[in-house]
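For the sequence shown, counting from 1, position 48 maps to 50 in the working numbering; every step adds exactly one.
Glycine included, every Cβ here is placed at the ideal spot set by N, Cα and C.
For clarity, every value in this text was computed on a predicted model and none was experimentally measured.
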Amino acid sequence: MKFKIAFVCVHNSCRSQMAEGIAKKLGSDIFEAYSAGTEKYHEVKPLAVEVMKEIDVDMTNYKPKLLTEIPNELDLLITMGCNVVCPFVPNKYAADWGLDDPSGGPIEDFRKTRNLIEEKMKELINQIKSGKIKL
């Protein structure tokens, strides 16, 4: 059985998209991964797509999605650090990763965010597999 995990932020154009891609790469054996935002946005940030290619994650066909476009019940809900009231979706486990949005910054900011997401994803996977997080 795979756990439904969603990564949520405001625009679903950068951090949450990268988290979805990394979850699919590192946790494909345990996750059914989604991402969504609370507001409409027109594209995934090109620098996010570029830095993900550097770790062999192809996000060229990723599109921003709203919460209404993902399952309405999840096993895990991870918010990225909304700086506003983060949305609620019914879940068994929730966490806020508190990541700064690199949008508008240089490519190095996107790489830093990607690397933080990758570290947090590895930790989350280890916690689930070791039973520290019960779902």
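In the three-state scheme derived from DSSP, where H, G and I count as helix and E and B as strand, K122 is classed as helix. For G106, DSSP records no beta bridge to any residue. One thing to note: G23 has its Cβ no nearer than 8 angstroms to the Cβ of K67. Within 10 angstroms of the beta-carbon of Q19 lie 16 or more other beta-carbons, which makes it buried.
A direct Cα-Cα distance of roughly 30 angstroms separates I127 from G106. Taking C-beta separations shorter than 8 angstroms and ignoring five residues to either side along the sequence, the partners of E52 in its chain run I109, F112, following chain order.
Per DSSP, the unbroken alpha helix (DSSP H) holding K26 starts and ends at 17-28. CA-CA distance, L79 to I72, rounds to 12 angstroms. Closest by C-alpha distance to K26, out of K6, H13, H44, is K6.
Using a Cβ distance threshold of 8 angstroms, E75 and P92 count as a contacting pair.
The beta carbon of S15 sits closer than 6 angstroms to those of Y43, V46, K47, P66, all from its chain and outside the five residues before and after it, given in chain order.
Looking at the DSSP output, D98 bridges to T81. CA-CA distance, K134 to I32, rounds to 15 angstroms.
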